[in-house]
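A short write-up of the structure that comes next.
Number of protein chains: 2
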Amino acid sequence: MDVAIPKGFRFAGVYCGLKKDPRKRDLALIVSDRPCAAAGVYTQNRIFAAPVAWDRAHTPSHSVRAVVINSGNANACTGRQGLEDAAEMARLTAAACGFAPDDVLVLSTGIIGEFLPMERIREGIRLASERLSADVDGFLAAADAMLTTDRFRKVASAEVVVGGVPIRLAGLAKGAGMISPQMATMLAVVVTDAGLGVSQADQLLRRAVDESFHCISVDGHMSTNDTVLLLANGASGKEVDQAADMELLSEKLVDVCQRLARAIPADGEGATHLITIDVCGCRTREDAMRIARTVANSPLVKTAVAGADPNWGRIVSAVGYSGVPFDPEKLMLHVNGYLLYQHGRPVPFDPEAVSQSIRQSPEVFIRISLEEGPAAARFWTSDLTVEYVHINADYHT
Amino acid sequence: MDVAIPKGFRFAGVYCGLKKDPRKRDLALIVSDRPCAAAGVYTQNRIFAAPVAWDRAHTPSHSVRAVVINSGNANACTGRQGLEDAAEMARLTAAACGFAPDDVLVLSTGIIGEFLPMERIREGIRLASERLSADVDGFLAAADAMLTTDRFRKVASAEVVVGGVPIRLAGLAKGAGMISPQMATMLAVVVTDAGLGVSQADQLLRRAVDESFHCISVDGHMSTNDTVLLLANGASGKEVDQAADMELLSEKLVDVCQRLARAIPADGEGATHLITIDVCGCRTREDAMRIARTVANSPLVKTAVAGADPNWGRIVSAVGYSGVPFDPEKLMLHVNGYLLYQHGRPVPFDPEAVSQSIRQSPEVFIRISLEEGPAAARFWTSDLTVEYVHINADYHT
Chain Y
10 MDVAIPKGFR FAGVYCGLKK DPRKRDLALI VSDRPCAAAG VYTQNRIFAA PVAWDRAHTP
70 SHSVRAVVIN SGNANACTGR QGLEDAAEMA RLTAAACGFA PDDVLVLSTG IIGEFLPMER
130 IREGIRLASE RLSADVDGFL AAADAMLTTD RFRKVASAEV VVGGVPIRLA GLAKGAGMIS
190 PQMATMLAVV VTDAGLGVSQ ADQLLRRAVD ESFHCISVDG HMSTNDTVLL LANGASGKEV
250 DQAADMELLS EKLVDVCQRL ARAIPADGEG ATHLITIDVC GCRTREDAMR IARTVANSPL
310 VKTAVAGADP NWGRIVSAVG YSGVPFDPEK LMLHVNGYLL YQHGRPVPFD PEAVSQSIRQ
370 SPEVFIRISL EEGPAAARFW TSDLTVEYVH INADYHT
Chain B
10 MDVAIPKGFR FAGVYCGLKK DPRKRDLALI VSDRPCAAAG VYTQNRIFAA PVAWDRAHTP
70 SHSVRAVVIN SGNANACTGR QGLEDAAEMA RLTAAACGFA PDDVLVLSTG IIGEFLPMER
130 IREGIRLASE RLSADVDGFL AAADAMLTTD RFRKVASAEV VVGGVPIRLA GLAKGAGMIS
190 PQMATMLAVV VTDAGLGVSQ ADQLLRRAVD ESFHCISVDG HMSTNDTVLL LANGASGKEV
250 DQAADMELLS EKLVDVCQRL ARAIPADGEG ATHLITIDVC GCRTREDAMR IARTVANSPL
310 VKTAVAGADP NWGRIVSAVG YSGVPFDPEK LMLHVNGYLL YQHGRPVPFD PEAVSQSIRQ
370 SPEVFIRISL EEGPAAARFW TSDLTVEYVH INADYHT
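Residue numbers (my numbering), protein chains in the order written: chain Y, 10 to 406; chain B, 10 to 406.
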């Protein structure tokens, strides 16, 4: 595993008894050796978890030193006690590492509506603070400790030379659906050793999230805990303050975030295909996003992909009800490179060949072109299988 | 079967070879012995079928004499040829019955992207025009000829005495999902012998549809053919023109439309539960509808019901991402009469008892209360089962 770990960061992932299986890690710690510029983007759900409330109140910041993350319990719908527990997680981490509690961010994921077992959390933070490591193993242990129903670990990193100085970015994420059975979370943390101002960090993160985590869905159900954090500690020695350098770093951050984001629907509950939806020729990016999201959330489109069915009618009719105005005569649809629809009519195509192309690959590409303008968007989703229903209907029974 | 057939209407349903199975009817005809005030409400999909284009151009009207309906082929995504075929259906019906083509409305449902076999349609219209009948059998035959993947026929009727004169309403509908595999349609026709002006008919229908067909979903996928028509021929001898009488008739029309509308998610593809969602205490009806629709379209809520899982977290978090502002502390949730959530926290409840209540009944009641205002909405949806995925993923394979 080749990961470019940013300078000045250390990581740990331990087991403290939040998950049933002691072979799984459930508490992660990320610590910087100096204050970080930190920005966060959070769930827009009005029912949001206690750690979201804590982090929202503490970002953007120019002095963040650590992020503590637990899986197995989301600390959501837990009222005042939940808020106190999130603050206590920050205090315990601050005490173990020698920071101020206000410089610690907190993430939680897992079952909702249950209080955190604070004794185990306390033990986990103590353990993790003793095992902090700047190497890849520590980083991967932290990534593993974020997971819940995920089938695989989600990390991405990049290196970029800015003004002759190499800068590194490394990201960790979790999610196997915007929400899993009683497990409500998509979390990601990206750390970099670039030197950034607070407003720069905020601006960079917002752009990157707009082009990555805001462009995915598994089931369209927004969680109570969604959080993406960016921490920039400047340990590379390079202050990124020129517009051209910012642009370069921004592109790399978008790339890292997109790789993390794509991994979530690729690991979608029960999913057998990652579906990439490209929409172009729109008046605005909002229009393109709205069309892409509507197609991505149609259970009929998703079941068609699961069944390797080149069902152009479901895709075209989903574009039609997206709410975006367009001329139906100018709509063009490709699936896996095959032209299926043009001039208001399906075109003759070999359904078996298209079906075969879907069946043979874990990735499907849907391209929707209008002729209304220059804007485009790319969106990722997963297909809908019988397994998804089993996972989500048979959870309690 | 007790149906109050409005005076002056005759019905027929025949088989003419549009469906494969000759035991199924596939062409329906509804004829009035005098001109009707007619109103229509249509799909908002920008990709809309040819018959929708025809009917939109011909309603509201004060002179409609007939509705011709075929199942097995939606005449959608068929370009200019499709528009000519829809007009030809009106001309054939007009010729068979002695009306002007502009006084005939046309509905189609079934596979999309294929041209209508016009020779069979011509034969069906001829057959149907010879079998028109004013009795219940004719009415039910017409209702049957609208169906596609529906498991059961959908009819409703009502009688109401207005100013001493009995008035009848009778409705026919089809739909087993907003869209079925390559079958894109929800259709309904309500006929009444009340005497109504054109703008009255239009106004009454819009209100009724807002409280019925606009309050259902199976999979959130809007079809290309959705159409609801109201025909009022005045054969009862009663002109309904007083405000109080209009209100009375309106209530009955809402009732008939709600009964037809509920039947659609109750017959939803693969559905094992009809879910009624009541949302109250909202600022506006739009807010209440938005919350209800968000909960209704969450695959996680729908799979929870299929699994008889009293999963309050999924319902509450769906309310949270509906986009409607509210105070989470004042949200209250009941499922089948059991209080599950209050004061920002789940309340202690017996999960087995609630689960049992879901498992034992084909209907589930979800009640969401806020304290933001006086507005409310009622919405119906179906649960999401493995069978739904089978129906929609295995269609071509």
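C-beta atoms are modelled at their ideal positions from N, C-alpha and C, and glycine is treated no differently. Quick caveat: nothing in here was measured; it's all calculated off a predicted structure.
Within chain B, the residues that residue i reaches when beta carbons sit closer than 8 Å
i: GLY329 (chain Y); result: ASN54, ARG55, ILE56, PHE57, MET231 and THR233
i: PHE335 (chain Y); result: ARG55
i: GLY26 (chain Y); result: Under the 8 Å cutoff, chain B gives no residues; its nearest Cβ is about 22 Å from GLY26 (chain Y).
i: GLY180 (chain Y); result: Simply none; closest approach about 24 Å.
Inter-residue spacing [alpha-carbon to alpha-carbon] between residue i and residue j
i: ALA193 (chain B); j: ASN242 (chain B); result: Confidence is the limiting factor: at ALA193 (chain B) the pLDDT is only 49, short of 50, which leaves the residue's position unreliable, though a coordinate-based value still follows. Answer to the nearest angstrom: the Cα atoms are 30 Å apart.
i: THR87 (chain B); j: ILE377 (chain Y); result: 19 Å
i: PRO190 (chain Y); j: LEU258 (chain Y); result: Legend: pLDDT at PRO190 (chain Y) = 38, less than 50; position of this residue unreliable, no value from coordinates given.
i: LEU417 (chain Y); j: MET231 (chain Y); result: This structure gives no information on residue 417 (chain Y), because the portion of chain Y shown stretches from 10 to 406.
i: GLN90 (chain Y); j: THR102 (chain Y); result: 18 Å
i: PRO274 (chain B); j: LEU149 (chain Y); result: 47 Å
i: MET255 (chain B); j: ASP211 (chain B); result: 12 Å
i: GLU248 (chain Y); j: GLY206 (chain Y); result: 9 Å
i: THR406 (chain B); j: PRO31 (chain B); result: In this prediction, THR406 (chain B) scores a pLDDT of 40, lower than 50, which makes its location untrustworthy; no coordinate-derived value is stated.
i: TRP389 (chain B); j: HIS223 (chain B); result: 10 Å
i: ILE134 (chain Y); j: ALA105 (chain Y); result: 7 Å
i: VAL12 (chain Y); j: ALA179 (chain Y); result: 7 Å
i: LEU136 (chain B); j: ALA151 (chain B); result: 13 Å
i: ALA313 (chain B); j: GLU278 (chain Y); result: 15 Å
i: HIS352 (chain B); j: GLY26 (chain B); result: 60 Å
i: GLY316 (chain Y); j: ASP359 (chain Y); result: 16 Å
i: ILE225 (chain B); j: VAL288 (chain B); result: 14 Å
i: SER117 (chain Y); j: VAL164 (chain B); result: 51 Å
i: ARG354 (chain B); j: ASN234 (chain Y); result: 16 Å
i: VAL50 (chain B); j: VAL237 (chain B); result: 5 Å
i: ASP64 (chain Y); j: VAL115 (chain Y); result: 6 Å
i: TYR24 (chain B); j: GLU139 (chain B); result: 13 Å
i: ALA297 (chain Y); j: SER208 (chain B); result: 38 Å
i: ARG323 (chain Y); j: LEU349 (chain Y); result: 12 Å
Helix, strand or coil at residue i [DSSP, three-state]
i: MET341 (chain Y); result: strand
i: HIS352 (chain Y); result: coil
i: ASN306 (chain B); result: helix
i: TYR51 (chain B); result: strand
i: CYS45 (chain B); result: strand
i: ASP287 (chain B); result: strand
i: GLU97 (chain B); result: helix
i: VAL12 (chain Y); result: coil
i: ARG19 (chain B); result: strand
i: GLY277 (chain B); result: coil
i: SER326 (chain B); result: helix
7 Å Cβ cut-off: residues of chain B touching residue i
i: PRO355 (chain Y); result: CYS86 and GLY122
i: GLY399 (chain Y); result: According to the sequence as given, residue 399 (chain Y) is His; it is not Gly. Neighbours of HIS399 (chain Y) on chain B, chain order: VAL395.
i: LYS309 (chain Y); result: Residue identity check: residue 309 (chain Y) is Leu in the sequence provided, not Lys. By Cβ distance, chain B contributes ILE188, ASP228, HIS230 and ASN401.
i: THR312 (chain Y); result: VAL398, ASN401 and ALA402
i: PHE358 (chain Y); result: Near PHE358 (chain Y) there are no residues of chain B at all, since even the closest Cβ is about 11 Å away, more than 7 Å.
i: GLY81 (chain Y); result: Near GLY81 (chain Y) there are no residues of chain B at all, since even the closest Cβ is about 15 Å away, more than 7 Å.
Proximal chain B residues relative to residue i, where beta-carbon distance stays under 9 Å
i: PHE388 (chain Y); result: By Cβ distance, chain B contributes nothing, its closest Cβ being about 17 Å from PHE388 (chain Y), past 9 Å.
i: GLY184 (chain Y); result: Correct list: empty, because the minimum Cβ distance to chain B is about 14 Å.
i: GLY277 (chain Y); result: What GLY277 (chain Y) touches in chain B: nothing, since even the nearest Cβ is about 11 Å away.
Best match in the options for proximity to residue i [C-alpha to C-alpha]
i: LEU125 (chain Y); options: Y:LYS311, Y:ILE78 and Y:GLY279; result: Y:ILE78
i: PHE18 (chain B); options: B:GLY184, B:LEU196 and B:PRO44; result: B:PRO44
i: ALA58 (chain Y); options: B:PRO337, B:GLU396 and B:VAL356; result: B:PRO337
i: LEU36 (chain B); options: B:ILE130, B:CYS291 and B:ALA99; result: B:ILE130
i: ASP153 (chain B); options: B:TRP321, B:ALA317 and B:ILE39; result: B:ILE39
i: HIS282 (chain B); options: B:ALA301, B:THR394 and B:ARG294; result: B:THR394
i: ALA252 (chain Y); options: Y:THR293, Y:LEU213 and Y:ASP94; result: Y:LEU213
i: ILE375 (chain Y); options: Y:GLY204, Y:ARG302 and Y:THR52; result: Y:ARG302
i: PRO60 (chain Y); options: Y:LEU349, Y:SER166, Y:ASN82 and Y:LEU309; result: Y:ASN82
i: ASN320 (chain Y); options: Y:ARG299, Y:VAL333, Y:ASN345 and Y:MET298; result: Y:ASN345
i: ALA66 (chain Y); options: Y:ARG162, Y:SER41 and Y:ALA99; result: Y:ALA99
Min CB distance residue i to chain D below 7 Å
i: SER326 (chain Y); result: Protein chains in the displayed structure are Y and B, and chain D is not among them.
Chain-ordered neighbours of residue i on chain Y, where CB pairs are closer than 7 Å
i: GLY204 (chain B); result: By Cβ distance, chain Y contributes nothing, its closest Cβ being about 36 Å from GLY204 (chain B), past 7 Å.
i: GLY243 (chain B); result: Within 7 Å Cβ-Cβ: nothing; GLY243 (chain B) doesn't reach chain Y, min ~36 Å.
Neighbouring residues, chain Y, relative to residue i (Cβ below 8 Å)
i: GLY147 (chain B); result: Here the premise fails: no neighbours, minimum Cβ distance about 33 Å.
>> Using 8 Å as the cut-off, can you tell me whether the segment 370 to 379 of chain B makes contact with the segment 359 to 379 of chain Y, which would need three or more C-beta pairs spanning the two stretches below that distance?
In response: no
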